[in-house]
Amino acid sequence: MPYEHKLIEEKWQNAWADAKVAEVDVAAAGDKFYMLNMFPYPSGDLHVGHGRNYILGDALYRYFRMQGKVALNPMGWDAFGLPAENAAIKNGIHPGQWTRANIEREKKQFLRWGILYDWSKELASCDPAYYRWNQWLFLKLYERGLAYRGKAPVNWCPSDQTVLANEQVIDGRCDRCSTIVVQRDLEQWFLKITDYADRLDFGLDTLEHWPEKVKLMQRNWIGRSVGADVEFTVPSLGKVIRIFTTRPDTIYGATFMVLAPEHPDVATLIADNPDRAEIEQWITGVRNQSNLERQEAGKEGRFTGKTATNPFTNEQVPIWLGNFVLMQYGTGAIMAVPGHDQRDFEFAKQYNLPIRIVVMPAGGDEPKSDDLVEAFTFKDESGVSVNSGPISGLPVPKAIDRIIEIIEERSIGKKMVRYRLRDWLISRQRYWGTPIPMIYCDRDGIVPVPEEQLPVELPLDVPFTGREGNPLAKHERFVNTTCPLCKGPARRETDTMDTFVDSSWYYARFVSANDSTKIFDSELVNRWLPVDQYIGGIEHAILHLLYARFICRTLYDMGLVGHEEPFTRLFNQGMITKEGYRTAEGTWVGLGDVEWVDEKPVHRVTRKALIAETSKMSKSRLNVVPPDELIDKYGADTERVYTLFIAPPEKEAEWSDDGVNGAHRFLNRVWNMGEQILALLYTSVGPPPSAAGVNTARDQAAEGGGPTLGASHAVIRKTHQTIDAVTRRFDRFEFNTAISGLMELSNAIGDALASGDVDPIVLRESYTTLLKLLHPFAPHITEELWAMFGNEGFILTSSWPKADPALMVEEVVTIVIQVNGKLRGQVEVPNPPEKDVVLAAIRANAKVQQWISGKEIVKEVYVPGKLVNIVVK
RNA sequence: GCGAAAGUGGCGGAAUUGGUAGACGCGCAGGUCUCAGAAGCCUGUGGUCAUUAGACCAUGGGGGUUCGAUUCCCCCCUUUCGCACCA
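For the working numbering, count along the first sequence from 1 and bump the result up by 124.
What follows is the structure, given as structure tokens:
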């Protein structure tokens with residue numbers, strides 16, 4: 125029988141579903157293992173790149189199952205969000221309908237991939253039964269002062285007609301549609317993630333099993349820096365301006381001050397400036413710029429006309445306004461030290477402001493200030509303070525500590541820790557999201573919706589007309605309500621929540637997904653959480669993972685969970701790319717292809733052009749291999765094996781149609797081999813003459829046959845070596861080499877079968893071991909073969925094989941002989957090798973003698989069991 | 001600019017603690033089967049020289065440590081990713 129992947133895969137997918145093999149009783153005892161793939165946004169198009177993510181998770185799931193763990197592997201849907209709403213506007217279909225249809229499609233795709241999820245715990249964030257707890261969580265955060273309404277300059281995407289979180293602005297553009305983001309002053313809802321900045325930063329140190337890269341990205345994003353706040357007085361106005369610096373040791377070099385144009389003291393400072401009108405005009409210009417434009421404009425500033433007193437040199441330093449100082453960070457004001465800060469230096473050059481050197485390289489020469497072309501910075505012991513009064517001569521770290529002491533003694537400032545991280549803006553002026561459960565009453569102000577009135581449901585009868593703002597705001601029945609306090613007329617909040625709120629706690633909901641009485645069952649949550657293995661794309665390194673870590677801590681502080689970190693281990697799989705892109709007509713343009721426009725070749729597509737092209741449109745254009753055709757042609761097992769074999773899973777991988785074929789050939793060989801071994805088992809009468817096959821090397825050597833290996837022993841040994849290697853590689857996520865190891869074993873069994881001098885029982889044992897090891901990668905074919913070999917029950921529920929170290933040991937060992945580090949011969953000796961035997965064998969080796977005869981032996985290096993290096997002169 | 005990771009055949013990629021570089025697969029070449037093709041199977045496949053045996057060179061470039069370096073150290077080059085006026 126040929127390998128009929130289609131029949132086999134359908135058969136087993138149904139069998140697993142009918143037996144509900146992946147359903148977990150969360151209350152049952154056992155060695156728990158909670159693994160989770162980041163739940164997808166149901167856009168409807170799952171391609172092989174997504175497949176890699178879920179296949180990887182499924183392979184791990186099956187491996188842990190076979191290892192005897194009670195493994196929980198649930199799945200849900202991150203079902204709120206913009207694309208659904210945009211689709212609604214475009215096609216006139218309700219976002220909910222669109223989303224539900226996509227969920228059904230994607231669910232089918234998961235089944236076709238042979239992925240086992242516990243569907244009894246399925247959840248969708250757009251379901252009122254889910255988002256009511258989103259609202260509940262918001263109310264709890266509000267009670268604790270962690271949700272607040274505030275007016276702030278926010279990022280506004282003119283195309284999506286909504287505000288964005290800082291995390292969603294990439295290079296000054298909207299991360300969804302790439303439109304340049306503009307600043308607007310709006311009143312919005314924020315979550316106070318900055319209260320947790322320290323804990324989020326320090327918590328990273330406890331995450332041993334997270335990729336360093338992700339931790340670093342989060343650390344940079346949180347941007348913790350230690351420094352000092354220092355007050356500078358403005359004598360002419362009798363006021364004080366507070367600055368933040370990380371380098372208080374350079375204060376003797378602070379020759380001017382710069383304030384952000386938005387700084388609240390600007391109006392007073394320029395009140396009597398003759399050029400006031402011009403300065404105000406300039407400020408307005410800067411404020412209207414997007415962040416991107418502001419940066420591209422270069423360093424610009426205006427002199428306020430006022431000076432401040434440097435508290436250490438007592439000099440009057442001019443106060444400037446500068447477009448490079450940001451109101452959102454620190455105090456919106458800096459002391460400028462042009463000698464030791466690149467930005468201050470550029471500004472000083474531009475406006476001819478004095479530059480003073482106050483740090484020198486340790487042991488370096490006195491610099492000539494007129495030679496100075498560039499600011500230089502010394503952050504560690506390599507620098508020493510100079511021209512700095514009491515701290516002169518101190519190395520930088522000591523100088524910083526000392527100057528802060530003096531600042532605090534003189535009460536002109538204090539040590540300060542500041543963060544780059546800003547509060548999480550969660551309001552979105554869009555329909556398809558969780559309504560923020562707040563009510564505005566003319567009498568009582570902002571009033572939270574009482575818990576018992578949850579959920580505040582999204583009305584479904586909403587027209588989608590296009591870009592005229594949030595449709596919810598026009599829905600009279602939704603907007604008009606009564607105040608829970610005074611029972612008078614009131615209006616509902618019409619903004620919805622950022623969908624990252626939905627995904628910040630979903631992992632905890634799975635363990636009691638159907639509980640309608642509470643957000644989750646704390647007892648169950650504490651049994652199953654944190655997630656033991658979390659799997660998802662690197663694109664969530666900051667956004668989702670930071671928000672989830674933050675919300676987890678708030679839940680911890682509320683006493684709802686017993687852990688501060690939600691994900692113990694994190695794995696980020698790489699993307700699958702296919703170089704090229706699909707044109708509007710659906711033709712594939714690959715690297716080096718000629719593009720035809722008006723019947724003329726226009727350009728060859730280079731990688732750079734391609735990336736520019738594709739990133740302009742959509743990232744998903746890079747990933748357009750649809751799995752359906754692939755599964756029809758080769759089967760899901762082939763896709764699974766290929767996807768994990770192609771490259772190390774954390775790396776980006778380039779799709780190759782030929783490579784898929786190779787994976788299919790491998791499975792075909794495994795299939796054919798199985799049939800042959802079965803046939804052999806049926807035809808062999810009685811126990812085969814295994815004794816002949818398992819002669820040891822020593823026996824054969826004794827018979828004068830030379831040291832060859834007993835063929836059956838070789839197969840057994842290879843099998844156990846493979847068990848050992850594959851197990852180790854699974855634990856390290858080295859799926860590509862795990863599969864190559866299985867190919868080696870398969871080749872070895874194939875050779876043994878062809879040679880005909882291996883005991884069929886040995887072949888059967890090795891082969892069924894191969895099936896078990898291969899099962900996580902190719903579940904359907906192995907399940908079928910497992911049954912064909914007469915085994916009861918699913919291979920999935922059988923146990924993972926254990927390697928017997930005694931059976932892995934080679935009977936003879938090859939010792940390599942080097943002369944002056946170069947390979948000059950080799951000898952085989954019985955294992956374990958004895959030094960005398962090895963050396964005797966070397967003496968007897970003619971080839972080696974040839975290289976050392978007549979030369980003086982300087983040294984002999986013996987690496988036990990490996991090699992001998994003879995150094996001659 | 002700052003930070004991080006990585007450079008190995010035609011390609012994807014292997015190589016416990018420094019110990020036979022190139023496992024496994026793709027591709028390619030030759031063979032076998034066939035009327036023919038596809039698929040399969042077998043053999044070969046880093047480079048140079050050599051009929052062969054074999055020798056030499058080779059893990060981005062240069063230096064160093066070592067009996068021995070893809071692996072450790074220093075300098076340089078390139079690529080990718082992240083952050084980007086955060087004081």
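Where a beta carbon is used, it is the ideal one built from N, C-alpha and C, also for glycine. Since this is a predicted model, take the numbers as computed values, not measurements.
- Under the Cβ criterion (8 angstroms, minimum of three pairs), the stretch 162-174 counts as touching the stretch 199-207.
- Between the stretch 751-763 and the stretch 228-237, the count of Cβ pairs shorter than 8 angstroms is three or higher; the stretches touch.
- Within the same chain, Cβ atoms closer than 6 angstroms to the Cβ of Q474 are found at K423, the five residues on either side in sequence being excluded.
- Beyond the five residues adjoining it in sequence on each side, F857 comes within less than 7 angstroms, by CB distance, of F695 and P773 in the same chain, given in chain order.
- Nearest in C-alpha terms to P559, of all of K130, I966, R256 and D149, is R256.
- Nearest neighbour of E133 by Cα position, chosen from A930, E908 and K979, turns out to be E908.
- Per the C-alpha coordinates, the member of T678, A672, V685 and F674 positioned closest to L653 is V685.
- Close CB contacts of I407 within its chain, under the 6 angstroms cut and outside five residues either way in sequence, are with P385 (chain order).
- Here K337 carries a helix assignment [DSSP, helix/strand/coil].
- When beta bridges are read from the DSSP output, L196 appears opposite Y158.
- Check the Cα spacing between N650 and each of H687, S516, T589 and G661: the tightest is with H687.
- For the pair K430 and S516, the CB atoms are not nearer than the 8 angstroms cut-off.
- Assigned with DSSP and collapsed to three states, F854 falls in helix.
- Around the beta-carbon of T846, 16 or more other beta-carbon atoms lie within 10 Å, marking it buried.
- Straight-line measurement puts the Cα of R268 at about 10 angstroms from the Cα of K316.
- In the DSSP assignment, L445 falls within the beta strand (DSSP E) that extends over Q440 to G446.
- Looking only at H387, G168, F448 and H837, the smallest Cα-Cα distance to V936 is reached by H837.
- With a threshold of 16 other beta carbon atoms within 10 Å, P925 meets it and is buried.
- Look at the beta carbons and you see the stretch 877-889 not touching the stretch 782-793: under three pairs across the two are nearer than 8 angstroms.
- Within the stretch 962-987, the beta strand (DSSP E) runs of at least 3 residues that lie entirely inside it are, in chain order, 981-987.
- Judged by their CB atoms, A195 and I227 are not nearer to each other than the 8 angstroms cut-off.
- DSSP lists M621 as the bridge partner or partners of S551.
- Counting C-beta pairs closer than 8 angstroms gives fewer than three between the stretch 301-314 and the stretch 508-523, which falls short of the contact rule.
- With the rule of 3 Cβ pairs closer than 8 angstroms, the stretch 287-294 does not count as touching the stretch 637-644.
- Nearest to I994 by C-alpha distance, out of E952, R948 and I375, is R948.
- By the beta-carbon neighbour count (other beta carbons within 10 angstroms, threshold 16), V982 is exposed.
- Apart from sequence neighbours up to five positions away, the residues of its chain that approach K193 with a beta-carbon distance below 6 angstroms are D155 and F157, ordered along the chain.
- The DSSP-derived three-state label of Q191 is coil.
- Contact between T692 and H333 holds, since their C-beta atoms are separated by about 6 angstroms, short of 8 angstroms.
- By the neighbour-count criterion, in which 16 or more other beta carbons inside 10 Å mark a residue as buried, E689 falls on the buried side.
- In the structure shown, the three-state DSSP call for Y320 is helix.
- No residue range can be given for K926, since it is assigned to no beta strand (DSSP E) and is classified by DSSP as neither H nor E.
- Within the stretch 620-680, the beta strand (DSSP E) runs of at least 3 residues that lie entirely inside it are, in chain order, 655-661.
- Within the stretch 878-946, complete alpha helix (DSSP H) segments of at least 4 residues are found at 884-898, 903-912 and 929-932, given in chain order.
- The Cβ atoms of F314 and Y272 lie closer than 8 angstroms to each other.
- For a cut-off of 8 angstroms, the C-beta gap from P561 to Q137 is around 41 angstroms, too long to register as a contact.
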